[in-house]
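**Student:** Residue numbers (this note's numbering): 48 to 474. Where is the CB? At the ideal position from N, CA and C, for every residue including glycine.
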RNA sequence: GUGCCUAUGGUUUAGCGGUAGAACGACGGAUUGUGGUUCCGUUAGUCUGGGUUCAACUCCCAGUAGGCACCCCA
């Protein structure tokens, strides 16, 4: 009977992780984890499935609707593979918020699914670090989130000038929209257009605004805003919003970052908008400045209002989420990865050098493992030459030799593959 | 959801309307207990279905898969 041949490809947009790729991922994750722990953040995790409705409300049209992978559970409920962490962690916190001491500083490293067309830097399954601070309204929490995100990038030793952290504020944007008096329906469309500012020519940008049936005066105000190169400049151009609470907060944040020596990495950027509807304070994006990989590495912001979704009293929250692919592309494009040696330097290879040596070899392997060494034991009888060749190809730097000669003289040898030297050790 | 591009051993690829070639990898040998170099050998391939043709891996159509860009976003 002919068997049906199954495809050995992973599901579209989902990647297999070979040991080499996995090692790189672990390198990224371990850096993330180390930096987060150094800030006193605690690690958590939530289930990969959530009720679909928690995304529908606030995750934006694409992430929360079209790209949502939805299943119907046995109770008829619609379950979704999580496309982002923020609703889940807000759900988790809303359960415990009233009973634990504030602030709550949490991070997680988890996988997510968005059902979109895969392309460079974007898979249907991807991994993100999520860092959030709950329960602090203080600007200090915004500042800590920003220094944490900068330190997370700096942890990889990127070259100078390889990235920039761009800041904006939803309240500042709101005040701008109030100033130009756009109605509610226009707001969302306008946000999209503002987001496009850098990709459009001034003429096209203006054309889009005209398409929204905005008047010349309104358009001029918006352009004044968008072309501001700093907070000072903005105040100068639009004195009407100089007292905006968003602007004042940004100023405070900027000056704090300056004092901490982070000034060279940070800028105010009017075109940072962020697609998620739940942001209502500081918003920011970390940009890769490499000419061939000019993209946002990650972004985040403040989302104080989101907890209301779960019936909880609203609590303050601020956070961000770097992705594994964007981080990898950043490191690749700047050549940071070439200098890395991700091989397991702590590993030993112990070949099986004769049929009669099975039990002795296993015993030795166990003994060395008990001493804390990593031992890869050979599972087929092989010759010494082949064993060394194998170790060489696999990049294992030390080989333990136990043949009949060694057994007779009650020793084993450890050969260092880089120096070629051997060391005899009593059994 | 829209547009463009691609499909040849495990991987990277060459090629031609008439017998598919290479490199790398894997395995083995030269070297019966000491590796990396070198040399030799073995292994394995034209995505699927239809059409044009005496003849299709090659040309055409469809499907499928993948990539890139847009949308959006990590």
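Below 8 angstroms on the Cβ atoms is my contact criterion, and I expect residue 212 with residue 197 to pass it. Report the Cβ-Cβ distance as a whole number of Å.
**Tutor:** Looking up residue 212 in the first chain gives position 165. Looking up residue 197 in the first chain gives position 150. About 6 angstroms separates the two Cβ atoms, so the contact holds.
**Student:** Three or more beta-carbon pairs under 8 angstroms between the segment 244-258 and the segment 214-228, yes or no?
**Tutor:** At 8 angstroms Cβ cutoff, the stretches do not touch.
**Student:** One question on the structure: do residue 348 and residue 321 come within less than 8 angstroms of each other, judged by their Cβ atoms?
**Tutor:** Mapped onto the first chain, residue 348 falls at position 301. Mapped onto the first chain, residue 321 falls at position 274. Cβ atoms of residue 348 and residue 321: closer than 8 angstroms.
**Student:** Per DSSP, which one or two residues make a beta bridge with residue 369?
**Tutor:** By 1-based counting over the first chain, the position of residue 369 is 322. DSSP lists 345 as partners of residue 369.
**Student:** Can you tell me the Cα-Cα spacing of residue 371 and residue 249, whole angstroms?
**Tutor:** In the first chain, residue 371 corresponds to position 324, counting from 1. In the first chain, residue 249 corresponds to position 202, counting from 1. When rounded, the distance between both Cα atoms is 34 angstroms.
**Student:** Using a Cβ-Cβ cutoff of less than 7 angstroms, which residues in the same chain neighbour residue 49 once the five nearest sequence positions on both sides are dropped?
**Tutor:** Numbered from 1 along the first chain, position 2 holds the residue referred to as residue 49. Note that residue 49 scores 42 on pLDDT, short of 50, meaning its location in the model is unreliable and no value can be drawn from it.
**Student:** If you draw a straight line from the C-alpha of residue 319 to the C-alpha of residue 330, how long is it?
**Tutor:** What you label residue 319 is simply residue 272 of the first chain in a count that begins at 1. What you label residue 330 is simply residue 283 of the first chain in a count that begins at 1. Going from the Cα of residue 319 to the Cα of residue 330 covers about 7 angstroms.
**Student:** Please classify residue 64 as buried or exposed, where buried requires at least 16 other C-beta atoms within 10 Å of its C-beta.
**Tutor:** What you label residue 64 is simply residue 17 of the first chain in a count that begins at 1. Exposed: under 16 other Cβ atoms inside 10 Å.
**Student:** Give the list of continuous alpha helix (DSSP H) stretches no shorter than 4 residues that lie fully inside the segment 280-362.
**Tutor:** DSSP runs (the alpha helix (DSSP H)) wholly in the segment 280-362: 292-306.
**Student:** Identify every run of the beta strand (DSSP E) within the segment 176-236, keeping only runs that are complete inside it and at least 3 residues long; order them along the chain.
**Tutor:** Counting only runs of 3 or more, we get 210-216.
**Student:** What distance in whole Å lies between the Cβ atoms of residue 434 and residue 464, which are believed to be in contact at a cut-off of 8 angstroms?
**Tutor:** Walking along the first chain from the start, residue 464 turns up at place 417. Walking along the first chain from the start, residue 434 turns up at place 387. Not confirmed; about 11 angstroms, so no contact.
**Student:** CB-CB under 6 angstroms to residue 176, same chain, minus the five flanking residues each way: which ones, in chain order?
**Tutor:** For this step, residue 176 is matched to residue 129 along the first chain. Closer than 6 angstroms at Cβ, skipping near neighbours: 79, 156 and 369.
**Student:** Would you mind listing the beta strand (DSSP E) stretches within the segment 386-432 that are 3+ residues and don't spill past its ends, in chain order?
**Tutor:** With a minimum length of 3 residues, the continuous beta strand (DSSP E) runs that stay inside the segment 386-432 are 394-399 and 421-428.
**Student:** Measuring CB atoms only, is the segment 376-385 touching the segment 400-410, in the sense that at least three cross pairs come out at less than 8 angstroms?
**Tutor:** Too few Cβ pairs lie closer than 8 angstroms, so no.
**Student:** May I ask which residues mark the beginning and end of the alpha helix (DSSP H) holding residue 85?
**Tutor:** For the purposes of this step, residue 85 is taken as the residue at position 38 of the first chain. Looking at the DSSP string, the run of the alpha helix (DSSP H) that includes residue 85 is 66-85.
**Student:** With three or more beta-carbon pairs closer than 8 angstroms as the criterion, would you say the segment 303-310 touches the segment 356-363?
**Tutor:** No: fewer than three Cβ pairs fall under 8 angstroms.
**Student:** Taking DSSP as the reference, what is the three-state secondary structure of residue 141?
**Tutor:** Taking the first chain and counting its residues from 1, the one referred to as residue 141 is at position 94. Correct three-state label for residue 141: helix.
**Student:** Is it true that the CB of residue 423 sits closer than 8 angstroms to the CB of residue 394?
**Tutor:** Translated into positions along the first chain, residue 394 becomes position 347. Translated into positions along the first chain, residue 423 becomes position 376. Yes, they are a contact pair.
**Student:** Rounded to whole angstroms, what is the Cα-Cα separation between residue 400 and residue 458?
**Tutor:** Stepping through the first chain from its first residue, residue 400 is reached at position 353. Stepping through the first chain from its first residue, residue 458 is reached at position 411. Cα-Cα distance, rounded: 14 angstroms.
**Student:** Cβ of residue 134 within 8 angstroms of Cβ of residue 114?
**Tutor:** Within the first chain, residue 134 is the residue found at index 87, counting from 1. Within the first chain, residue 114 is the residue found at index 67, counting from 1. Going by C-beta atoms, residue 134 is not nearer than 8 angstroms to residue 114.
**Student:** Helix, strand or coil for residue 90, going by three-state DSSP, please let me know.
**Tutor:** In the first chain, the residue the question calls residue 90 occupies position 43. Residue 90 falls in the strand class under three-state DSSP.
**Student:** Expressed to the nearest angstrom, what Euclidean distance is found between the alpha-carbon atoms of residue 270 and residue 291?
**Tutor:** Within the first chain, the letter at position 223 stands for residue 270. Within the first chain, the letter at position 244 stands for residue 291. When rounded, the distance between both Cα atoms is 18 angstroms.
**Student:** Looking at the secondary structure, which residues open and close the beta strand (DSSP E) in which residue 445 lies?
**Tutor:** Here the question's residue 445 lines up with position 398 in the first chain. Residues 445-448.
**Student:** If you run the structure through DSSP and keep just helix, strand and coil, what is residue 56?
**Tutor:** Numbered from 1 along the first chain, position 9 holds the residue referred to as residue 56. In this structure, residue 56 counts as coil in the three-state DSSP scheme.
**Student:** If you drop the 5 nearest sequence neighbours on each side, which residues of the same chain put their C-beta closer than 6 angstroms to that of residue 282?
**Tutor:** For the purposes of this step, residue 282 is identified with residue 235 of the first chain, where counting begins at 1. Correct list, in chain order: 289.
**Student:** With DSSP as the reference, label residue 155 as helix, strand or coil.
**Tutor:** Here residue 155 refers to the residue found at position 108 of the first chain. Residue state, collapsed to three classes: strand.
**Student:** Less than 8 angstroms separating the beta-carbons of residue 364 and residue 146?
**Tutor:** In the first chain, the residue the question calls residue 364 occupies position 317. In the first chain, the residue the question calls residue 146 occupies position 99. The answer is no: Cβ separation not under 8 angstroms.
**Student:** Per DSSP, what are the beta-bridge partners of residue 117 in this structure?
**Tutor:** Sequence index remark: in the first chain, residue 117 carries index 70 (1-based). Residue 117 is bridged to 127.
**Student:** Does the Cβ of residue 82 have 16 or more other Cβ atoms within 10 Å, making it buried, or fewer, making it exposed?
**Tutor:** As a working mapping, residue 82 is identified with position 35 in the first chain. Classification for residue 82: buried.
**Student:** Do you know whose CA, among 361, 208 and 444, lies nearest residue 390's CA?
**Tutor:** Here residue 390 is taken as the residue at index 343 of the first chain, counted from 1. Comparing Cα-Cα distances from residue 390 to each of 361, 208 and 444, the minimum goes to 444.
**Student:** I believe residue 278 touches residue 297 by the beta-carbon criterion, under 8 angstroms. Please report the beta-carbon distance rounded to the nearest angstrom.
**Tutor:** Position 231 of the first chain holds residue 278. Position 250 of the first chain holds residue 297. Yes, they are in contact, since the Cβ atoms of residue 278 and residue 297 sit about 6 angstroms apart, within 8 angstroms.
**Student:** Hey, residue 300 and residue 186: beta-carbon distance below 8 angstroms or not?
**Tutor:** Here residue 300 refers to the residue found at position 253 when the first chain is read from its first residue. Here residue 186 refers to the residue found at position 139 when the first chain is read from its first residue. Yes, the pair counts as a contact, with Cβ atoms nearer than the cut-off.
**Student:** Tell me the DSSP bridge mates of residue 169?
**Tutor:** On the first chain, residue 169 is found 122 positions in, with the first residue counted as 1. Note: residue 169 sits in a beta bridge opposite 166.
**Student:** Please report the distance separating the alpha-carbon of residue 119 from that of residue 100.
**Tutor:** In the first chain, counting from the first residue as 1, residue 119 sits at position 72. In the first chain, counting from the first residue as 1, residue 100 sits at position 53. Taking the straight line from one Cα to the other gives about 12 angstroms.
**Student:** Whose C-alpha, out of 456, 150 and 164, is nearest the C-alpha of residue 58?
**Tutor:** On the first chain, position 11 is the one that residue 58 refers to. Residue 58 has its Cα closest to that of 164, out of 456, 150 and 164.
**Student:** Which residue from 190, 95 and 210 puts its Cα closest to that of residue 344?
**Tutor:** By one-based count along the first chain, residue 344 stands at place 297. Of the candidates 190, 95 and 210, the one whose C-alpha sits nearest the C-alpha of residue 344 is 210.
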